[in-house]
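Structure record follows, encoded as C-alpha cells.
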Amino acid sequence: MKKYAVSRTRFTITCLKTYGSQIAAGDCRDGVLFCSYHENLRKLELIYADPAQRLVGDVVLLDCETAVVSDRRGSISVLSCPGLEVSESPEKNLAVQCSFFMGEIAMSIQKAAFKYRLPIGDETDPVLESAYNCVVASTLLGSVFVMIPLTSEEHQLLQDVQERLSLHPLTAPILGNDHAEFRRRGIPSGVPSILDGDMLVQFLELTSEQQQTVLDDGSSVKAPRRSISVFQVMRMLERVHYALN
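Residues in the sequence shown are numbered consecutively from 1, following full-length UniProt numbering.
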C-alpha cells in the first residue's frame, strides 16, 4: 500500500466512512469531520465540521453533504451542510436537521434500502412497489433501530398523533415520565425530533373506539387543535408497519 495524503485531527478517530471522494471521520470529542480528497493534488481538505462536541459511536454518509451520527450518550442525529460558499470557514458549519435520544449507544450504523409490495386493496398509490432509503442502527444492548424518511406532511400528522398518545391514559408511559422530554434529552432547542415508532405503533393496538378517543383528546396538543381522522392515521401507520414486517 502507498500513502497518498495525510490529515491530522485533534483527537482520536473512532470511525471512518466514505462516499465517493468524501470522507467522514468521527472522533472522541470534535464529533464528525468531513474531508474531501483531491486526487490531482493528493491532498485532504477539511470542508465541514460538527457544530457540537460529541464522542462518536459511528457515522454513515447518506450523500456527499449528509451524515447520520450516533454518540456515546445514546443519541442519534442527522447532520447536513446548509449550503455554504467554498471560501467560508469549515469550523462548525454542519447543521443538525433532526435528532433522537434512543437511550442506547448505537455502535454500528448502515445505510440500507428496501422495496415492498403494497397490499392489493391499497389504492392510495398507483405504483405497487415502493422503495425507501433507510438507516439501520444496532446498539450495545442488542437493539436494532430502523429509520425511514417521511414527508413534512406525514411527519406533522404523526407528530400530532404522537403527542396525543404520549399523554393519553391508555398509551402514556407507565411510570408517568415525560415522553417528549426523554426523547429530546441532550437535543438543542429548535432541532426537530425524530418520531418514536414504539409510541406510534400503540395506535394500531387500540380498538376503533379507543383510537377515536385518543384523536379527539386535543388537550395534550400545545398547538391549535387540528382534526385528524382515524382512517388517515391508520392508512399511514399500516403502510409503514406493513413495509417493515
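Just so you know, even glycine gets a beta-carbon here, dropped at the ideal spot from N, CA and C.
Problem set entry | Three-way DSSP call (helix, strand, coil) for His-168 in this model | As a position in the sequence shown, residue 168 is number 168, starting the count at 1. Coil.
Exercise. How big is the Cα-Cα spacing for Ala-49 and Thr-66?
Worked result: On the sequence shown, position 49 is the one that residue 49 refers to. On the sequence shown, position 66 is the one that residue 66 refers to. Cα to Cα, the separation comes out at about 12 angstroms.
Problem set entry | Simplified DSSP assignment, three categories, for Met-234 | In the sequence shown, counting from the first residue as 1, residue 234 sits at position 234. It is helical.
Exercise. What residues in its chain sit with their C-beta under 6 angstroms from that of Val-136, if we drop five residues either side in the sequence?
Worked result: Against the sequence shown, residue 136 aligns to sequence position 136. For Val-136, where only same-chain residues beyond five positions count, the Cβ hits under 6 angstroms are Gln-110, Ala-112 and Val-146.
Exercise. If Tyr-37 sits next to Ser-21, beta carbons under 8 angstroms apart, how far is it from one beta carbon to the other, in whole angstroms?
Worked result: For this step, residue 37 is matched to residue 37 along the sequence shown. For this step, residue 21 is matched to residue 21 along the sequence shown. Confirmed, about 5 angstroms.
Exercise. Taking buried to mean at least 16 other C-beta atoms within 10 Å of its own C-beta, is Thr-151 buried or exposed?
Worked result: In the sequence shown, residue 151 corresponds to position 151, counting from 1. Label assigned to Thr-151: exposed.
Exercise. Secondary structure at Val-161, three-state DSSP: helix, strand or coil?
Worked result: Within the sequence shown, numbered from 1, the residue matching residue 161 stands at position 161. Correct three-state label for Val-161: helix.
For this session: Output the boundary residues of the beta strand (DSSP E) element that contains Leu-44.
Result: As a first step, residue 44 must be located in the sequence shown, where it is residue number 44. That run of the beta strand (DSSP E) goes 43-49.
Exercise. Where DSSP assigns a beta bridge to Met-147, which residues make up the other side?
Worked result: In the sequence shown, the residue the question calls residue 147 occupies position 147. DSSP lists Val-135 as partners of Met-147.
For this session: Locate the beta strand (DSSP E) running through Ser-70, then write down its first and last residues.
Result: By one-based count along the sequence shown, residue 70 stands at place 70. That run of the beta strand (DSSP E) goes 66-71.
Problem set entry | Euclidean distance between Cα positions of Phe-78 and Glu-205 | As a first step, residue 78 must be located in the sequence shown, where it is residue number 78. As a first step, residue 205 must be located in the sequence shown, where it is residue number 205. Phe is not the amino acid found at residue 78; the sequence shown has Val there. Those two C-alpha atoms are separated by around 30 angstroms.
For this session: Please list, in chain order, all residues of the same chain as Ala-172 whose beta carbon is under 7 angstroms from its beta carbon, the five residues on each side excluded.
Result: For this step, residue 172 is matched to residue 172 along the sequence shown. These residues qualify, in order along the chain: Ser-166.
Problem set entry | Straight-line Cα distance separating Ala-106 from Val-68 | Counting from one through the sequence shown, the residue named residue 68 turns up at place 68. Counting from one through the sequence shown, the residue named residue 106 turns up at place 106. When rounded, the distance between both Cα atoms is 11 angstroms.
Problem set entry | As assigned by DSSP and simplified to three states, the class of Thr-14 | Stepping through the sequence shown from its first residue, residue 14 is reached at position 14. When secondary structure is reduced to three states using DSSP, Thr-14 falls in the strand class.
For this session: Would you give the residue range spanned by the beta strand (DSSP E) that Gln-97 belongs to?
Result: On the sequence shown, position 97 is the one that residue 97 refers to. Where Gln-97 is concerned, the enclosing beta strand (DSSP E) stretches over 95-101.
Exercise. Can you name the start and end residues of the alpha helix (DSSP H) that Gly-57 belongs to?
Worked result: For the purposes of this step, residue 57 is taken as residue 57 along the sequence shown, with counting starting at 1. Note, Gly-57: premise wrong, no alpha helix (DSSP H); beta strand (DSSP E) at 56-63.
Exercise. Three-state secondary structure (DSSP) at Met-199?
Worked result: Sequence index remark: in the sequence shown, residue 199 carries index 199 (1-based). In this structure, DSSP gives Met-199 a helical state, which the three-state scheme calls helix.
Exercise. Which one or two residues does DSSP pair with Ser-75 in a beta bridge?
Worked result: As a working mapping, residue 75 is identified with position 75 in the sequence shown. Answer is Phe-101, bridged to Ser-75.
Exercise. Alpha helix (DSSP H) containing Ala-180: first to last residue?
Worked result: Locating residue 180 in the sequence shown gives position 180, where the first residue counts as 1. Looking at the DSSP string, the run of the alpha helix (DSSP H) that includes Ala-180 is 179-183.
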